[in-house]
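In the numbering used here, the protein residues as written are 4 to 105. Note that CB positions come from ideal geometry on N, CA and C, so glycine has one too. Everything on this sheet refers to the single structure shown next.
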């Protein structure tokens with residue numbers, strides 16, 4: 004903060020005054036770098052050679068029931084083509100039939 008302000012303003016004991024202000028400022032204390040979680044390590048994602056060789060899956064749950072009583076969506080994404088079929092599911096999606104498909 005001192006470096007930014009010194010380009011525009013100056014007063015006696017400026018550095019000390021800014022340090023005292025920052026210590027008392029709740030917002031300044033919350034956004035301090037040492038109070039932030041460290042970023043995760045970036046990892047390369049392997050690109051598959053064939054369609055449907057690697058997939059990502061997720062469930063969208065807690066939806067209002069449809070006329071067929073579906074309230075969840077099973078999302079599967081092919082990592083190569085990015086195509087994404089969606090499947091409507093009833094209640095808790097981890098039923099026996101779905102587990103057999105996986």
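Coil, strand or helix - residue 89 by DSSP: Reduced to three states, the DSSP call for residue 89 is strand.
Sequence-distant residues of its chain with Cβ nearer than 6 Å to residue 31 (five each side left out): 25.
Residue burial classification, residue 77 (beta-carbon count within 10 angstroms, cutoff 16): Answer is buried; the Cβ neighbour count reaches 16.
Range covered by the beta strand (DSSP E) that runs through residue 60: For residue 60, the enclosing beta strand (DSSP E) stretches over residues 58 to 63.
Bridge partners - residue 81, DSSP secondary structure assignment: Per DSSP, 58.
Coil, strand or helix - residue 76 by DSSP: In the three-state reduction of the DSSP assignment, residue 76 falls in the strand class, which pools E and B.
Residue from 37, 57, 9 and 43 with nearest C-alpha to residue 81: Nearest option by C-alpha distance: 57.
Residue from 27, 47, 8 and 86 whose Cα sits closest to the Cα of residue 53: Residue 53 has its Cα closest to that of 86, out of 27, 47, 8 and 86.
Backbone CA spacing between residue 28 and residue 9 [nearest angstrom]: Their Cα atoms are separated by approximately 19 Å.
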